[in-house]
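For the first sequence, the residue numbers in my numbering are 819 to 1316. In this text, a Cβ means the ideal position worked out from N, Cα and C, and glycines have one as well. Take a look at the structure set out below.
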Amino acid sequence: MCQNKDMSKKLTSRAEDYSKWYNELVIKADLAENSAVRGCMVIKPYGYAIWEKMQAELDKMFKETGHQNAYFPLFVPKSLFEAEEKNAEGFAKECAIVTHYRLQNDPDKPGKLRVDPEAKLEEELIVRPTSEAIIWNTFKGWVQSYRDLPLLINQWANVVRWEMRTRLFLRTAEFLWQEGHTAHETKKEAVTEAELMNNVYANFVQNFMAIPVIQGLKTESERFAGADETYCIEALMQDGKALQAGTSHFLGQNFAKAFDVKFANKEGKQDHVWATSWGVSTRLMGALIMTHSDDHGLVLPPSLAPNQVVIVPIYRSEEDLEAITEVANAIIKDLRGSHITVKFDNRTTYRPGAKFAQHELQGVPLRIAIGARDIANGTVEIARRDTLSKEVVGLDGLNDKVKALIEEIQDSLYNKALKFRDDHITEVDTFDAFKTVLETKTGFISAHWDGTNETEEQIKTLTKATIRCIPLNGKLEAGICVFSGKPSKRRVLFAKAY
RNA sequence: CGGGGUGUAGCGUAGCCCGGUUAUCGCGCCACGUUUGGGACGUGGAGGCCGCAGGUUCGAAUCCUGCCACCCCGACCA
């Protein structure tokens, strides 16, 4: 029973069971929980606050690069859905389908409802797993001339993919995301757009989420269904598995042709537009958790923390609390003046120890504790979440100190993750070494590959590792395929992935 | 969807094999008091369609059948 008591307060350690640690952390940090709907999560206020910070920053970045938000329907008529064959085929196995539009009282079971058999839809509606079909069908009416291009649209939405096995944030049947959809005059412009958005994602994930990523291209087999080229950002989690954090697709003229989106070019000739689409999802929450957090709970980079600083008063008497509150209010005013988000946790219902533990679990970057002792000395105690270190500092210059610490924590989280990532990229030249690294060290494996689907497939079957990407910054280097021994021009990155 | 496992109070659980008083314990919750520099303590109290639906039986948390959900391992995937 003693053990249960511990279990209720402490997280399972990462070393003990990484996946259990992750699940417990999501629940205990109050980020999300499972719902009554199979595979669908409830994102709780604290988790949603983090997602909102991500959204706000991404939305700003999209707008700065010329995009506008719009909203398209949740449902896609089947006939539209199937128009782009590869896209339809790729998503067909995981679609939720609306077939009826009405319920009625069940004549056999009083008080129960049943689907009204009379209310069958003429045409089934697919709950969007992605919105290319409905959007391209709409774009058709928006584009006539090269003057209508480029068309740069983003939508924030939910999508549904009927996944077999779900995990909070990492893979849920319904998830939140943004999907950008653009139309361009030329192939070159569209490719540039796909690359631009891949850069935007890399920027955001590295600078705001403090997660280092590798930018690359997907191989043909890993490419988005309906794309000619898929750009991606790949991150490495603490357990050595890779996580695809965002994708940006060059769609060629595939959707333009499927939905007959044509425009008159400058020469007056009709041409199909060139397209891209790109997206990141609530899966980024999973990446955030698995990159930085530790056995004490969530660790948030300051730029995504709903509260960057929490102030905890420690007092015995009402007079103590009054004096502390006065000092705290002055600190809060200063910090807010410097655009630092801060919360004064003056709940009387919990003792300081419990508050410390809770804020640690929820990843608040900085904690300031103020007690009677501090009031007497003109000091406060500052504790860092990332290093768990504490120091007593004077009130003079506190504001600058906090500002500096916030920047330092952001950088330090990134650098720590970067070092881990770089330490886990291993070059191998034999298949034995490949397997050994995969089983012992884990992480990314940089190896030569002959460029064929067959080799990729066989390696996947034998080792469960897939080609995460062909890195964009990779250098050309003659070599031989680690599996087939055939010639190769460059190394690609393999890993086991989420 | 295939293999394995688990469903008992908000959470974690005992009981189930071998059916039979008022379903066990801890955490949490509520009230009062004492507390407050790392998850406080005492006293008292509330809280259960034992996952759901059938069946067997005088009697089911316990046995049988079906279903559902969750977890782990595969296949699929952002």
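Beta-carbon contacts of residue i that lie in its chain and below 8 angstroms, excluding the five residues immediately before and after
i, result
"Y1133", "L1139, I1142, G1189, A1190"
"A888", "I971, N972, Q973"
"K1321", "Lying before the first or after the last residue shown, residue 1321 is absent from the chain, which here runs from 819 to 1316."
"S1306", "H1266, W1267, D1268, G1269, A1296, G1297, I1298, C1299"
Cutoff 6 angstroms; reference residue i; Cβ partners in own chain excluding five residues on either side
i, result
"T1159", "N1125, Q1126"
"L1106", "M1027"
"G1064", "Y1019, I1051, V1098"
"K823", "Summary for K823: the model assigns pLDDT 33, below 50, so the residue's position carries little reliability, and this model does not support an answer."
"Y1168", "none"
Pairwise C-alpha distance: residue j and residue i
i, j, result
"G1171", "P1120", "23 angstroms"
"H918", "R856", "20 angstroms"
"I1288", "V1031", "13 angstroms"
"P1183", "V1300", "44 angstroms"
"L921", "E900", "28 angstroms"
"G1058", "K1314", "8 angstroms"
"L843", "E882", "35 angstroms"
"L969", "V1220", "43 angstroms"
"N976", "S1066", "18 angstroms"
"T1270", "K896", "34 angstroms"
"H885", "E1038", "28 angstroms"
"G1212", "G1196", "6 angstroms"
"Y1019", "E1275", "28 angstroms"
"Q1071", "N1147", "59 angstroms"
"H1242", "L1118", "22 angstroms"
"L1179", "M982", "30 angstroms"
"Q1324", "I845", "No answer is possible for residue 1324: it lies beyond the span of the chain, which begins at 819 and ends at 1316."
"L986", "E997", "21 angstroms"
"T830", "A1194", "40 angstroms"
"K1278", "T1109", "25 angstroms"
"Y840", "R1308", "35 angstroms"
"D924", "L931", "5 angstroms"
"R832", "H1114", "10 angstroms"
Buried/exposed call for residue i, threshold 16 Cβ in 10 Å
i, result
"A937", "exposed"
"G1104", "buried"
"L1116", "buried"
"P935", "exposed"
"W960", "exposed"
"R1203", "buried"
"D1036", "Residue identity check: residue 1036 is Lys in the sequence provided, not Asp. With 16 or more Cβ atoms within 10 Å of its Cβ, K1036 is classed as buried."
"V860", "exposed"
"S949", "buried"
"A910", "exposed"
"E1245", "exposed"
"R965", "exposed"
"N955", "buried"
"R946", "buried"
"A1053", "buried"
"D1192", "buried"
"V1310", "buried"
Other residues of its chain near residue i: CB distance less than 7 angstroms, five sequence neighbours each side excluded
i, result
"F1068", "A1008, V1009, A1012, A1045, D1046, E1047, T1094"
"S1302", "D1268, T1273"
"A914", "V945, V978, W980"
Selected residue, minimal CA-CA separation from residue i, among the options
i, options, result
"L892", "L939, L1106, V916, D835", "V916"
"K1173", "A847, K1282, Y840", "A847"
"K1282", "A1123, I1263, I1051, G1297", "I1263"
"A1123", "A1074, C858, A867, E942", "A867"
"W980", "E912, L849, R1286", "E912"
"I1186", "Y1049, I1200, S1135", "I1200"
"F1073", "E1085, V1091, N1083, L1061", "V1091"
"D1089", "Y1168, T1109, K1075, E834", "K1075"
"L849", "G865, K828, I944", "G865"
"N1017", "N1291, L1311, K1304, Y1316", "N1291"
"I1029", "T1284, E1003, D1240", "D1240"
"T984", "L1216, S1135, S837", "S837"
"E941", "K930, V894, L931, A951", "V894"
"Q858", "L988, M1055, V1128, F1081", "The amino acid at residue 858 is misidentified as Gln; the sequence shows Cys. Cα-wise, what sits closest to C858 is L988."
"K1208", "N1217, L1223, D1214, G1215", "L1223"
"S1230", "L967, Y1049, T1205", "T1205"
"D1247", "K1161, K1304, T1284, M879", "K1304"
| task | Evaluate contact between the region 1216-1235 and the region 1249-1267, counting only Cβ atoms and requiring at least three cross-stretch pairs below 8 angstroms. | result | no
| query | So does the region 899-914 actually touch the region 1042-1058, counting three or more Cβ pairs closer than 8 angstroms? | reply | yes
| message | Check whether the region 872-880 and the region 1001-1010 are in contact - that is, three or more C-beta pairs closer than 8 angstroms. | response | no
| request: May I ask you to verify whether the region 1235-1255 touches the region 1148-1158, counting CB pairs closer than 8 angstroms and requiring at least 3? | output: no
| message | Measuring CB atoms only, is the region 977-994 touching the region 1017-1036, in the sense that at least three cross pairs come out at less than 8 angstroms? | response | no
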